[in-house]
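Asks: Numbering (the numbering used here), first residue to last: 4 to 291.
For glycine and all other residues, C-beta sits at the position ideal for the given N, C-alpha and C.
Here the structure is a predicted model, which means the values were calculated and not measured.
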Amino acid sequence: MEPSGCSYRHALVGLDLSRVSDLLVSWLPSLQRVGTRVLTLVHAIPLEEVEHVAAGYPVDRLEEELRQEALERLKAYAAELRSRGFEVEILRPVAGVPAVVLAEEAARLGADYIVVAERGQGWLRRILLGSTSEEVAQIADRSVLVSKPYVRAEGERSLQAPGDPWGGPLLAALALDEGDEPVLCRAVEAASRTGARLVLLHVLEEGEDEEEARRRLEELAERARSRGAGEVEAMVAKGKPSRAILGEAARLDASIIFIGAGGERGRELGTTAEAVLRRAKVHVLVCK
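Here's what the structure looks like:
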């Protein structure tokens with residue numbers, strides 16, 4: 004099923020049942036500000052947990068034990084979220100590749116978008132091994148919100164809770180091509196619902212006419228205002244796209260970055276989106 008345009012109503016939430024999941028669940032009510040009312044909670048039991056089993060222990064029995072343990076955790080999360088005003092559905096945990104399970108279930112249920120947390124593992128580890136959040140953003144056929152940062156505070160043992168994604172400014176990175184529509188649509192919907200300042204950013208390509216780019220960007224800004232966004236600023240930057248986007252996000256103290264997938268067919272991640280997703284210190288919404 005296809006998602007409903009730019010609606011945020013139904014989110015499919017991936018949970019690995021770690022401490023990060025505890026923080027993500029406590030953070031999810033912030034999504035109500037953009038109209039999220041329905042949550043589907045999903046946990047995939049990583050195949051390696053089933054495969055790396057002690058000799059002689061029945062695999063089927065192990066899988067069922069893991070499933071029941073996960074189900075109890077999901078029920079506790081669901082109870083907490085229902086008390087916060089959400090309509091919540093729990094999917095029966097299954098063994099599989101987490102990113103694949105999330106992408107397939109979101110498509111089957113017609114969720115408007117997928118929510119996952121960046122676990123806060125080191126930058127080098129992410130470069131070498133990737134992450135579930137990146138895999139989901141790579142293969143899913145709909146928008147993916149990656150909640151960040153789940154990092155350890157300096158000198159502390161506990162993980163930090165994520166910040167408000169809609170506190171603003173909201174930074175929408177635009178390529179000035181056909182892939183901009185889902186980015187603009189998602190960003191405007193969020194800005195109009197939250198009242199946050201929206202910044203439209205375009206990074207100039209080599210040889211691109213800056214005056215023409217500014218004109219087109221301002222047209223999109225006016226379009227955003229006409230769709231209900233309040234304060235909208237158009238901005239042009241120069242340099243390597245991913246660095247420029249991350250640099251402007253830091254300078255503006257943006258709360259979230261909206262970016263198109265940028266890959267073939269507008270689905271897979273292009274190099275810029277992948278770099279932004281890996282290196283951003285704020286929430287990232289990959290728009291499809």
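1) Look at residue 258 and residue 285 and say whether their C-beta atoms are less than 8 angstroms apart.
2) Determine whether the beta carbon atoms of residue 233 and residue 190 lie at a separation below 8 angstroms.
3) Can the beta-carbon of residue 3 be found closer than 8 angstroms to that of residue 255?
4) Considering residue 290, what are the terminal residues of the beta strand (DSSP E) in which it resides?
5) Counting Cβ pairs, one atom from each stretch, are 3 or more of them under 8 angstroms apart for the segment 90 to 101 and the segment 41 to 48?
6) Any idea what DSSP makes of residue 49, helix, strand or coil?
7) How would you call residue 102, buried or exposed, if buried means at least 16 neighbouring beta carbons within 10 angstroms?
8) If you measure between the beta carbons of residue 206 and residue 242, is that distance less than 8 angstroms?
9) So, is residue 273 buried or exposed, given that buried needs 16 or more other C-beta atoms within 10 angstroms?
10) From this set, 140, 288 and 146, which residue's C-alpha is nearest residue 8's C-alpha?
11) By the three-class DSSP mapping on this structure, what secondary structure does residue 150 have?
12) From what residue to what residue does the beta strand (DSSP E) around residue 118 run?
13) I'd like the list of long-range same chain contacts for residue 219, defined as Cβ closer than 7 angstroms, with 5 residues on each side in sequence excluded.
14) When you compare each of 153, 138, 25 and 198 to residue 76 by their alpha carbons, which one comes out closest?
15) If I'm right that residue 119 touches residue 17 with Cβ under 8 angstroms, what's the distance once you round it to whole angstroms?
16) Find the nearest neighbour of residue 184 within the set 240, 209, 291 and 165, judged by alpha-carbon distance.
17) Out of 210, 73, 201 and 265, state which residue places its alpha-carbon closest to the alpha-carbon of residue 225.
18) Confirm, please, whether the CB-CB distance from residue 121 to residue 153 is below 8 angstroms.
19) Could you give the distance in angstroms between the alpha-carbon of residue 57 and the alpha-carbon of residue 265?
20) Going by beta carbon distance, what residues of the same chain come within less than 7 angstroms of residue 249, once the five residues before and after it are set aside?
21) When DSSP labels each residue in this structure, what does residue 90 get in the three-state scheme?
22) What's the C-alpha gap between residue 187 and residue 78?
23) Hey, out of 100, 172, 40 and 106, whose CA is closest to residue 197's CA?
24) Going by DSSP, what residue range makes up the alpha helix (DSSP H) through residue 250?
25) Three-state secondary structure (DSSP) at residue 39?
26) Would you kindly work out how many angstroms separate the C-alpha atoms of residue 221 and residue 230, rounded to a whole number?
27) Under 8 angstroms, do residue 106 and residue 142 count as touching if we go by C-beta distance?
Replies: Taking the coordinates as given:
1) Within the sequence shown, the letter at position 255 stands for residue 258. Within the sequence shown, the letter at position 282 stands for residue 285. Yes, the pair counts as a contact, with Cβ atoms nearer than the cut-off.
2) Within the sequence shown, residue 233 is the residue found at index 230, counting from 1. Within the sequence shown, residue 190 is the residue found at index 187, counting from 1. It is not a contact, given that the beta carbons lie outside the stated cut-off.
3) Within the shown structure, residues of the chain are numbered from 4 to 291, placing residue 3 beyond reach of any answer.
4) Here residue 290 corresponds to residue number 287 of the sequence shown, with the count starting at 1. For residue 290, the enclosing beta strand (DSSP E) has its first and last residue at 286 to 290.
5) At 8 angstroms Cβ cutoff, the stretches touch.
6) Indexing the sequence shown from 1 puts residue 49 at position 46. DSSP, read as helix, strand or coil, puts residue 49 in strand.
7) Taking the sequence shown and counting its residues from 1, the one referred to as residue 102 is at position 99. Taking every protein chain shown into account, the CB of residue 102 has 16 or more other CB atoms within 10 angstroms, so this residue is buried.
8) As a first step, residue 206 must be located in the sequence shown, where it is residue number 203. As a first step, residue 242 must be located in the sequence shown, where it is residue number 239. Taking a C-beta distance under 8 angstroms as the contact criterion, residue 206 and residue 242 qualify as a contact pair.
9) Against the sequence shown, residue 273 aligns to sequence position 270. Looking at its Cβ environment, which holds 16 or more other Cβ atoms inside 10 Å, residue 273 is buried.
10) To locate residue 8, count along the sequence shown from 1; it is residue 5. Of the candidates 140, 288 and 146, the residue whose Cα lies closest to the Cα of residue 8 is 146.
11) To locate residue 150, count along the sequence shown from 1; it is residue 147. Note: residue 150 maps to strand in three-state DSSP.
12) The sequence position of residue 118 within the sequence shown is 115, counting from 1. Where residue 118 is concerned, the enclosing beta strand (DSSP E) stretches over 116 to 120.
13) In the sequence shown, counting from the first residue as 1, residue 219 sits at position 216. Excluding positions up to five away in sequence, the list reads 179.
14) Working through the sequence shown from its first residue, we reach residue 76 at position 73. Residue 76 has its Cα closest to that of 25, out of 153, 138, 25 and 198.
15) Working through the sequence shown from its first residue, we reach residue 119 at position 116. Working through the sequence shown from its first residue, we reach residue 17 at position 14. Taking 8 angstroms as the upper bound for CB-CB distance, residue 119 and residue 17 are in contact here, some 4 angstroms apart.
16) By one-based count along the sequence shown, residue 184 stands at place 181. Here the closest residue by C-alpha is 291.
17) Position 222 of the sequence shown, counting from 1, holds the residue named residue 225. That would be 201, whose Cα lies nearest to the Cα of residue 225.
18) Mapped onto the sequence shown, residue 153 falls at position 150. Mapped onto the sequence shown, residue 121 falls at position 118. Contact: yes.
19) Within the sequence shown, numbered from 1, the residue matching residue 57 stands at position 54. Within the sequence shown, numbered from 1, the residue matching residue 265 stands at position 262. Here residue 57 scores only 49 on pLDDT, less than 50, and its place in the model should not be relied on; the value that follows carries that caveat. For residue 57 and residue 265, the gap between their C-alpha atoms comes out near 44 angstroms.
20) Residue mapping note: residue 249 aligns to position 246 of the sequence shown, counting from 1. If we look at residue 249 and ignore the five residues flanking it on each side, its Cβ neighbours are 279, 282 and 283.
21) Numbered from its first residue, the sequence shown carries residue 90 at position 87. It is a strand residue.
22) Counting from 1 along the sequence shown, the entry for residue 187 is found at position 184. Counting from 1 along the sequence shown, the entry for residue 78 is found at position 75. In a straight line, the C-alpha of residue 187 is about 36 angstroms away from that of residue 78.
23) In the sequence shown, the residue the question calls residue 197 occupies position 194. Ranking the options by Cα distance to residue 197, first place goes to 172.
24) By 1-based counting over the sequence shown, the position of residue 250 is 247. From DSSP, the alpha helix (DSSP H) with residue 250 extends over 244 to 255.
25) In the sequence shown, counting from the first residue as 1, residue 39 sits at position 36. DSSP places residue 39 in coil when its eight states are reduced to three.
26) Position 218 of the sequence shown, counted from the start, is the residue given in the question as residue 221. Position 227 of the sequence shown, counted from the start, is the residue given in the question as residue 230. Roughly 14 angstroms separates the two Cα atoms.
27) Here the question's residue 106 lines up with position 103 in the sequence shown. Here the question's residue 142 lines up with position 139 in the sequence shown. Inclusion of residue 106 and residue 142 in the CB contact set at 8 angstroms is warranted, their separation being smaller than that value.
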